[in-house]
Each structure stands twice: as structure tokens, then as C-alpha cells.
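*Asks:* For the sequence shown, our numbering assigns the number 8 to the initial residue and increments by one for each residue that follows. Ideal Cβ placement from N, Cα and C applies to all residues, glycine included. Please read all numbers here as calculations on a predicted model, not as lab measurements. I'd like to ask you about the structure that follows.
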Amino acid sequence: MSQAPGRGGDSTDGYGHLQLTTLPGWRGFVTEIPAVPELLPEAIWSGLADDKRACYDDDRIDHHSQLLVVQTPTIRQVITSGRRLIQMNKNAHYGRCGLMVSGSARTGKTTALTQLGKTVEVIHRRRHPNSSSDIPVIYITVPPAATPKMIATEFARFFDLPISTRSNITDIADAVCGVSIDAHVTLVAVDELHNLNTATRVGAEASDTLKYFSERIPATFVYAGISLERTGLLSGPRGEQIAGRFGMVRTGPFGQNQEWTALIAALEDSLRLHRHRPGALTRLDRYLHQRTHGMIGSLLWLIRGAAINAVLDGTEKITKKGLDAVDADFTSQSPRPPAT
């Protein structure tokens, strides 16, 4: 290996967005603590010079473009299940068990997966403060129409391992497994698993490659993807083996209940708007459910958009009229998805 894992390569996409599928990007995500802007007192805010007001507004727009990660019941379930499996697999030499996170689009699968990874890494750093060279978590995404070599290359890319055009899959896999063992990897998070088409020979071989890594790397594997139980991944002899070793957490839309209202309240508490009245959003819980079909991704889209508009147009509050002005994502405009 010509350089230490993670020292080379770009950790962002050129626009400042972290690439979680690289080690520097993942570590940046784990250690990132977004600054939450404070609302200025009325007298100071109204007296800001134009340039300072623009900077102040830009900070609030940046904040509203992200908002906070709400610890939903699904996220808590994935974190609890993942941590339990890590402990159960700690001394297993073979037949380690894993977890799948499956559901419709925009139901929080990636958020749950990355929050599990972040939790595992933070706990590891706290317990082993002098083990800076450890890499407790790997996070990769499955490319579309993935081949076995593409899967192996994604692992190598996370570590920033040098891969030449002449490297074969065996060379890549050996390097990845060697680094994973040396770095004490305990969790491998694999996102977008629905990109594996096991109905084709290449897709089936790519699935076998993931299984090979799970046998060679003494870690807990957690997969996430859209409706994984319907993709063919769990059918046939290969699927039976996966189904026998993996539990499943299903994500789905929120019902119009107390959890939905609590989610809206948590998002409302994170707003930084001068004219917004507390409780105005929670009183619109029924309307928000109708607009989003209970999809957390669609809800975030709607509230983020309305909050940014409120800063840009100077209204400084979110109202039903303001929410109506935000174009809904296609998912929330489509018929209500079936329960998963």
C-alpha cells in the first residue's frame, strides 16, 4: 500500500458536500457538529446593515437546508439492533448475523443506516481514545448494475487503496480484507442494495462478493435498500442463506398519530425564524400528513423549503400559505404507497 488509508483522494464532491463513501468524508460526517445560529434580539436584528443582514440570513438558510436529525422510532430500532448484533458477532468465527433496513423511498433508510454507523464510531472513539488508526465503520453504496469488481472497488475506494487497471478482484479483495482486519472494522454499512439485480448472472455474482466479504471481514454487515424483500435478493438458494442470517427493520410512512406530531414539533423547535409562532406547524399536522403521505423525506423537503422561503421573502414564519407555495416532491404527489 503506497499511502495510509484515507490520506489521499477527495472527501467532498467539489461543492463542500461530504462523500460518506470515503474515509475522510465519513470521519468528517462523524465529527461534524453543525453550528445552530442564534436568533438576534429584535432591536439588533432590525438595525443590521445590509451586508451583515445578508450574512446572518445566509447562516440561517444554511441551517434550514439541513435542519436536525430527529431520533425517530425507526432510527432507535436500527441503532439498538445493530449494536446488539455487533456484540453477538464479537466472538463469532463464522455464521455472523446481519441486519437489513428495507422500505419505500424517502422513509429514512439511509438516515437510519448512517446514524447507526455514526453511533458505533463515536462509541468506539470514546472507549479507545488512543486508537486513532482504527477504522471501526465502513460505509459504501452499491453502484447501479453492480459487478463483483465494482463492489470490491467501492470497498477499496473507501480506504483510498491504490487500484490499477490491471488489478483483479482477488487482489482488491485481499487488500480490502487485510486493511479491514488491521483497522479493527466492526460494522460494514452497505447502502442502495436494491441496485443488485440478482436475476442476472453478474448481479448474483456481485451478491456472492458481498457474502465473501462478510465471511472474510470479522464485522457486522448492515444493508439498506428499497423494498429488499421484493427484489429477489431473498429468493432462491442464495436468498435463503441471506434470509437465515439477516434480520429486517422495515421503514414506512408515519401514521397521523402522536409520533407524527412529535416529529413535526421537533422540526419546528429547530427553526430560526423571527416571526414564527411556536405550535403553528403542529397545528397543521393533518395538512402536512396529507401533503407528504407521512413520508419523513417529503416532510423535510416541505419544511426546509418553506423555512428558506420565509427568510428570503422576509415573512420570517411558516404558514399554510407558505407551505402551499413549496412544490412537493414527486413521491408526495403520487398515490399513497402501499404499506411495507
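1) For Gly-232, which option in Ile-170, Thr-114 and Arg-60 has the closest C-alpha, if you only look at C-alpha atoms?
2) What beta strand (DSSP E) runs, 3 residues minimum, are completely inside the region 241-277?
3) Just mark Asn-137 as buried or exposed, buried being the case when its beta carbon has 16 or more other beta carbons within 10 Å.
4) Could you name each continuous alpha helix (DSSP H) segment of 4 residues or more that falls completely within the region 44-113, going from the start of the chain to the end?
5) Exposed or buried, what is Ala-314 when buried is set at 16 or more other beta-carbons lying within 10 Å of its beta-carbon?
6) Thinking Leu-307 and Val-333 are a contact (beta carbons under 8 Å), I'd like their distance in whole angstroms, please.
7) Check this for me: beta carbons of Thr-216 and Ala-180, under 9 Å apart or not?
8) Quick one: Cα of Thr-29 to Cα of Ile-51, how far?
9) Just to confirm my understanding: we take His-131, look at its own chain, exclude 5 residues before and 5 after, and list those with CB closer than 6 Å. What are they?
10) Taking the continuous beta strand (DSSP E) assigned at Leu-194, which residues delimit it?
11) When the distance is taken between beta carbons, is Ser-171 closer than 9 Å to His-201?
12) Return the Cβ separation of Leu-123 and Ile-86 in integer angstroms, given the expectation that the two are a contact with Cβ distance under 8 Å.
13) Cβ atoms of Leu-240 and Glu-214: under 9 Å apart, would you say?
14) Spatial neighbours of Ser-191 within its chain, please: CB distance less than 6 Å, with the 5 preceding and 5 following residues excluded, ordered by chain position.
15) Using 8 Å for Cβ pairs, my map puts Gln-263 next to Asp-292. What's the rounded Cβ distance?
16) Let's see if you can read the secondary structure: which residues bound the alpha helix (DSSP H) around Thr-38?
17) Out of Thr-118, Asp-198, Cys-184 and Tyr-63, which has the shortest C-alpha to C-alpha gap to Arg-83?
18) What would DSSP say about Ile-310, mapped onto helix, strand or coil?
19) Is Gly-321 helix, strand or coil by DSSP?
20) Give the DSSP-derived three-state secondary structure of Leu-168 in the structure shown.
21) Helix, strand or coil: which one does DSSP assign to Val-149?
22) Give every residue of the same chain whose Cβ lies closer than 7 Å to the Cβ of Ala-272, excluding the five residues on either side of it in the sequence, and list them in chain order.
23) Starting from Gly-210, trace the alpha helix (DSSP H) both ways and give me its first and last residue.
24) Buried or exposed: Arg-298, going by 16 or more other Cβ atoms within 10 Å of its Cβ?
25) Ordered along the chain, which non-local residues of its own chain (more than five positions away) have a Cβ less than 8 Å from that of Tyr-63?
26) What is the DSSP secondary structure of Gly-185, counted as helix, strand or coil?
27) Could you tell me the boundaries of the alpha helix (DSSP H) in which Val-129 lies?
*Replies:* By the coordinates alone:
1) Closest option to Gly-232, Cα to Cα, is Thr-114.
2) List check, beta strand (DSSP E) in window: 253-258.
3) When all chains shown are included, Asn-137 counts as exposed.
4) List check, alpha helix (DSSP H) in window: 49-53, 57-73 and 80-96.
5) Result: buried.
6) Contact between Leu-307 and Val-333 does not hold, since their C-beta atoms are separated by about 12 Å, which reaches or exceeds 8 Å.
7) The Cβ atoms of Thr-216 and Ala-180 lie closer than 9 Å to each other.
8) As the crow flies, the alpha-carbon of Thr-29 is around 43 Å from that of Ile-51.
9) Contacts found: Pro-143.
10) Run containing Leu-194: 194-198, per the beta strand (DSSP E) assignment.
11) No, these two residues do not count as a Cβ contact at 9 Å.
12) Right, the Cβ-Cβ distance comes to about 5 Å (below 8 Å), so this counts as a contact.
13) Checking the sequence shown, residue 214 turns out to be Ser, not Glu. Contact: yes.
14) The question names Ser, yet the displayed sequence has His at residue 191. The residues are Asp-141.
15) Their Cβ separation, rounded to whole angstroms, is 7 Å, which keeps Gln-263 and Asp-292 in contact under 8 Å.
16) Start and end: 30-38.
17) Closest by alpha carbon: Thr-118.
18) Assigned with DSSP and collapsed to three states, Ile-310 falls in helix.
19) Looking at Gly-321 - three-state DSSP - the assignment turns out to be coil, as it is neither helix nor strand.
20) Three-state result, Leu-168: coil.
21) Residue state for Val-149 is assigned as coil, using DSSP reduced to three classes.
22) In its chain, beyond the 5 residues on either side, Thr-289 have a beta carbon closer than 7 Å to the beta carbon of Ala-272.
23) Here the alpha helix (DSSP H) through Gly-210 covers 208-223.
24) Taking a 10 Å sphere around the C-beta of Arg-298, we find 16 or more other C-beta atoms and assign the residue as buried.
25) For Tyr-63, where only same-chain residues beyond five positions count, the Cβ hits under 8 Å are Pro-44, Leu-47, Trp-52 and Leu-55.
26) The DSSP-derived three-state label of Gly-185 is helix.
27) Where Val-129 is concerned, the enclosing alpha helix (DSSP H) stretches over 116-134.
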